[in-house]
Amino acid sequence: MTDSGRDRRRFTAAVLGAESAPEPTPVHHRVARGVVVDATSYMLCLATPEGEERFLYERVTSFWRGGEVRPAELRPGDDAVVLCSHDGRLVAERVWAQAARATGVITGREGDSLQIDPGHGRPRLTVVLPYRISGRIAVRHPNLEPGYLFDAVGTWRDGEVWAARPVTTQPPYPLNSTPRRPPTRQYSTTVTGIATWYDPAWGRSSHLNPRALVAGAAYPALDPVGHEGVPGECDRRTSCVPLPLLSTGAALSLRNDCTRDTAVVPVVDCAAADSWLCDLCPSCGSQSAGRLASLTMTSFVALGGRLEAGCFNATMTVANQEG
Amino acid sequence: MFPEVLEAVREVQLPLLAALLLLGAAAKAAPQAAGTGVAVLLPERLRRPATLATCLLEAALAVALLTATGLLGEAARVLTAVVFAVSVVLLLVARRRDPEAGCGCFGGLSQAPIGRRTLARASLLAVAAAATVGLAPTGWEVASAPTALHGAVLGAELLLLALLSPELREAAARAATREPCALREVSERRTTRRLHRSEVWRTNAKVMIRSRPEETWRHGCWRFLRYDGLRHGHRVDVVYAVRIGGPGRTGVRAVLVDRESGTVIASFGAVTTLDLQGPPRRLPRPRQAAKRDEAEGRGGAKAGTLAKESPGGSGRGLPDGVRASGPVV
Numbered sequence: 001m002t003d004s005g006r007d008r009r010r011f012t013a014a015v016l017g018a019e020s021a022p023e024p025t026p027v028h029h030r031v032a033r034g035v036v037v038d039a040t041s042y043m044l045c046l047a048t049p050e051g052e053e054r055f056l057y058e059r060v061t062s063f064w065r066g067g068e069v070r071p072a073e074l075r076p077g078d079d080a081v082v083l084c085s086h087d088g089r090l091v092a093e094r095v096w097a098q099a100a101r102a103t104g105v106i107t108g109r110e111g112d113s114l115q116i117d118p119g120h121g122r123p124r125l126t127v128v129l130p131y132r133i134s135g136r137i138a139v140r141h142p143n144l145e146p147g148y149l150f151d152a153v154g155t156w157r158d159g160e161v162w163a164a165r166p167v168t169t170q171p172p173y174p175l176n177s178t179p180r181r182p183p184t185r186q187y188s189t190t191v192t193g194i195a196t197w198y199d200p201a202w203g204r205s206s207h208l209n210p211r212a213l214v215a216g217a218a219y220p221a222l223d224p225v226g227h228e229g230v231p232g233e234c235d236r237r238t239s240c241v242p243l244p245l246l247s248t249g250a251a252l253s254l255r256n257d258c259t260r261d262t263a264v265v266p267v268v269d270c271a272a273a274d275s276w277l278c279d280l281c282p283s284c285g286s287q288s289a290g291r292l293a294s295l296t297m298t299s300f301v302a303l304g305g306r307l308e309a310g311c312f313n314a315t316m317t318v319a320n321q322e323g
Numbered sequence: 324m325f326p327e328v329l330e331a332v333r334e335v336q337l338p339l340l341a342a343l344l345l346l347g348a349a350a351k352a353a354p355q356a357a358g359t360g361v362a363v364l365l366p367e368r369l370r371r372p373a374t375l376a377t378c379l380l381e382a383a384l385a386v387a388l389l390t391a392t393g394l395l396g397e398a399a400r401v402l403t404a405v406v407f408a409v410s411v412v413l414l415l416v417a418r419r420r421d422p423e424a425g426c427g428c429f430g431g432l433s434q435a436p437i438g439r440r441t442l443a444r445a446s447l448l449a450v451a452a453a454a455t456v457g458l459a460p461t462g463w464e465v466a467s468a469p470t471a472l473h474g475a476v477l478g479a480e481l482l483l484l485a486l487l488s489p490e491l492r493e494a495a496a497r498a499a500t501r502e503p504c505a506l507r508e509v510s511e512r513r514t515t516r517r518l519h520r521s522e523v524w525r526t527n528a529k530v531m532i533r534s535r536p537e538e539t540w541r542h543g544c545w546r547f548l549r550y551d552g553l554r555h556g557h558r559v560d561v562v563y564a565v566r567i568g569g570p571g572r573t574g575v576r577a578v579l580v581d582r583e584s585g586t587v588i589a590s591f592g593a594v595t596t597l598d599l600q601g602p603p604r605r606l607p608r609p610r611q612a613a614k615r616d617e618a619e620g621r622g623g624a625k626a627g628t629l630a631k632e633s634p635g636g637s638g639r640g641l642p643d644g645v646r647a648s649g650p651v652v
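Chains as they are written, first to last, in our numbering: chain B, 1 to 323; chain L, 324 to 652.
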C-alpha cells in the first residue's frame, strides 16, 4: 500500500506541482515501539524490528499502563510505545504499555462489557468497563446502549480492551439520528479540528508486524471511488468538518496546535468512526470541533500527542495547486 | 354561481391531495428520511419500519384517491381525512415531547421545528379530504378534464399551501448552495465522461493499452486515473487528472511518465495563468496560434501533436506555469 501511495504522490506532483504532494516525514527517531523483554527499575529492554533496544530512565520518566505505574509493573510481553527524550534514543521520556483504544458504535452490551463496531470492516472489539472507572465513563457516556457512540482509551488484556478513561463526550443521540452537516459554500485548504489515534496492529506482536510502525493517518473523508478493492467498505458519513475528499496515498500536513510540531503524514486507511464523531478536544490551542485525521499510534506520539489523552487540537493543510 | 365554485373546490382537492401524498411518500422513501419527524415518538428500532409503513399508506391512499370509485373510493377519502386529523394530534404530541423535532412530512426536507404553520397545513388538508367525501368523479377524471375554474381554485390553494410550508425555503437553500469542488462527491461515470470528451484523451488514445484505468484516486478538486501505456516500445504510465466542476476547457490534464526511470515525458492540458516575462505578455489561444502558424507556412503543429516533449526538463528559464503551458488543448 505504501508503494502505491508513493506512486500516487509522484503522479499527483507531476500533474499539479510538487507542492500538492509533499514528501511524508519519516517516523521520528524519538519514537520506538516493540514488545517488553525486561523492565527493571532503571532500564527498559524492548524487542523492536531493529533488534533489542535498551532505554534508561530519567527522574521525570513516566510510565502508563491504564494509569501511572512504576517501571517494574511493566510485564514482559507488553506492547510498549516509547517516546525518547530530546537528547537521543537512549533515555525514555514517556512509556505507554498495552495502550488500546475503542472508537466506534456500540452493538451490544452484556453486564459490564460492551461490543464495539469500529467501522470499515475492522474486527469488533470487546470493551470491559471495570467497576472502578464505570462512574467516570458514565459521566461522559450516559447511554451505553446499542446504536450510541463510544470512545475510550484503555489497555489490552486477553484480547479485550479494559477501558481506563473516556476520551470524548458521547453525542446525545444514536449514530443513526446524527444530523447531517449543512451544505458549506466556503472551503479553505487549511482546516482546524482535532487529531486522534488508532492502532493499526491491534496491540499484537508489534515487534514483528510491519503495520505497527507505519507512519500515517486514517482519514475520515476518503473518496469512495477507487477504494472498492480494499477489504472492508469505508462506511463513513459526511464529516462535520468540511474536509477535502482524498484517497489513500495523499499527504496531509498536520500541525499540533499545542506543541507546534508539524509533520507530513500519508493517508493509509479510512477512519469511518472518526467521521461519525464531532467532538472537541479539551487541550490547549484553538477549540474547533470535528476530527481531521486518526494518526497511527507512533505518528501520534511523534507529533507530541499523549496516548492517554486521546487527541490534540490540530491544523491540517492539504495543498491543492491549481496552477 | 356559488354552488359551482364550491363543487370545483371540492373536486380539485382529489388530485391535489393525491399529488401531495405521492410527494410525501417519495420523500419518506429516501434513506435519509428514516426515523425523522413524528417517528421520534417511537423507540429506536421501530422508527424505520414506521416511516416505511407511513410511506406505503400514503402511496396507497394517493392511488385510491385518483382511481377508486364507489364504496372503495369513499373509504379512501374518509381514511385520508382521518390520517390527516390523526397527524395533527401526533404533531402536537411530538412538539410537546421534543420542541426541536421536525415534522418529517416531506422526509429530510421537513427539519424545521413543528410550528403553527405545519399544524395549520395538516388541519387544512384534513378538512380538504373531508370535503371530498360524497363526490362522484375520481381524482383522475377531475385531473384529465380541467376547467378554468379548477385552475383558479388550484392556484389559490397552492399559494396558501406554499405559505404554510417551511420546506420550500429549505429546498430553495439546498438548490442554491453548491458544495465546493473539493468536497463534492462525484460518480466515476461522470469523471470518465468528461475525460472521454476531452481533446487530451483523444490525443493519447493511441498510447494506452487498456481502456480501463489501473487505479483511480482523488486529490481535492481533481480525480486521477492511471492507465497502462506503450510509447515507442517503452512502458509508460498515462496519468489523467480530471477537474471536478470548473470550466471544461481546463478540465483535463495528463502526463506521460516513463515506467522505468520515472521521468515525465510529456504533459498535456495545463493552462498558465501567469503572464510571460517579455512580449507578447500572453500566449495566443490555441486556434489563433494554429491559424497563424498556417498563415506563416509552418503548419507543422496540429492540435493533436501539440504536446510539448520535455525529456530532461525542456523549457528551462521559464516560470513553472509557462513550462507546462505549450499544449493548451
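We treat Cβ as the ideally placed atom computed from N, Cα and C, and that holds for glycine.
{"Check": "C-beta neighbour in chain B for P503 of chain L, strict 8 Å", "Outcome": "yes"}
{"Check": "6 Å CB neighbourhood of L222 of chain B in its chain, flanking five on each side removed", "Outcome": "C234 and C270"}
{"Check": "C-alpha distance - P172 of chain B paired with R546 of chain L, whole-angstrom precision", "Outcome": "37 Å"}
{"Check": "In DSSP terms, what C324 of chain B is bridged to", "Outcome": "Residue numbering for chain B in the displayed model covers 1 to 323; residue 324 of chain B lies beyond these limits and cannot be assessed."}
{"Check": "For G623 of chain L, three-class secondary structure by DSSP", "Outcome": "Low local confidence applies: a pLDDT of 45 at G623 of chain L is under 50, so the model's placement there is unreliable, and no value is given."}
{"Check": "Complete runs of the alpha helix (DSSP H) confined to the stretch 346-409 of chain L [at least 4 residues]", "Outcome": "367-390"}
{"Check": "Element boundaries [alpha helix (DSSP H), containing H473 of chain L]", "Outcome": "A471 to L486"}
{"Check": "Whole-Å CB distance - S510 of chain L paired with R444 of chain L, under 8 Å assumed", "Outcome": "Not quite, the Cβ-Cβ distance comes to about 36 Å (not below 8 Å), so this is no contact."}
{"Check": "Nearest to A589 of chain L (by Cα), restricted to the options L:V559, L:L346 and L:T390", "Outcome": "L:V559"}
{"Check": "E583 of chain L versus G226 of chain B - alpha carbon distance", "Outcome": "24 Å"}
{"Check": "From B:L245, B:F150, B:R122 and B:G121, residue whose alpha carbon lies closest to that of L129 of chain B", "Outcome": "B:F150"}
{"Check": "Beta-carbon contacts of R440 of chain L that lie in its chain and below 7 Å, excluding the five residues immediately before and after", "Outcome": "L487 and P489"}
{"Check": "CB contact check: F11 of chain B to chain L, cutoff 8 Å", "Outcome": "yes"}
{"Check": "With 16 other Cβ atoms within 10 Å as the buried cut-off, status of V416 of chain L", "Outcome": "exposed"}
{"Check": "Alpha-carbon to alpha-carbon, Y550 of chain L and F591 of chain L", "Outcome": "15 Å"}
{"Check": "Closest by C-alpha distance to A314 of chain B, when choosing among B:E19, B:S253, B:T107 and B:V36", "Outcome": "B:S253"}
{"Check": "Residues of its chain near E537 of chain L, where Cβ-Cβ distance is below 7 Å and the 5 sequence neighbours each way are ignored", "Outcome": "R549, Y550 and D551"}
{"Check": "Amino acids of chain L, ordered along the chain, whose beta-carbon sits closer than 8 Å to that of D235 of chain B", "Outcome": "Those within 8 Å of D235 of chain B in chain L number zero; the least Cβ separation is about 13 Å."}
{"Check": "Per-residue burial, P326 of chain L [other beta carbons within 10 Å of its own, 16 or more giving buried]", "Outcome": "exposed"}
{"Check": "CB contact below 8 Å: R6 of chain B versus chain L", "Outcome": "no"}
{"Check": "C-beta neighbour in chain L for Y219 of chain B, strict 8 Å", "Outcome": "no"}
{"Check": "Q336 of chain L burial status per 10 Å Cβ neighbour count (16 or more: buried)", "Outcome": "buried"}
{"Check": "C-beta atoms of R517 of chain L and V565 of chain L nearer than 8 Å", "Outcome": "yes"}
{"Check": "Under 7 Å by beta carbon: chain L residues contacting S275 of chain B", "Outcome": "Going along chain L, no residue has its Cβ under 7 Å from S275 of chain B, so there is no contact; the nearest lies around 13 Å."}
{"Check": "Alpha helix (DSSP H) runs wholly inside the stretch 512-579 of chain L, at least 4 long, in chain order", "Outcome": "522-527"}
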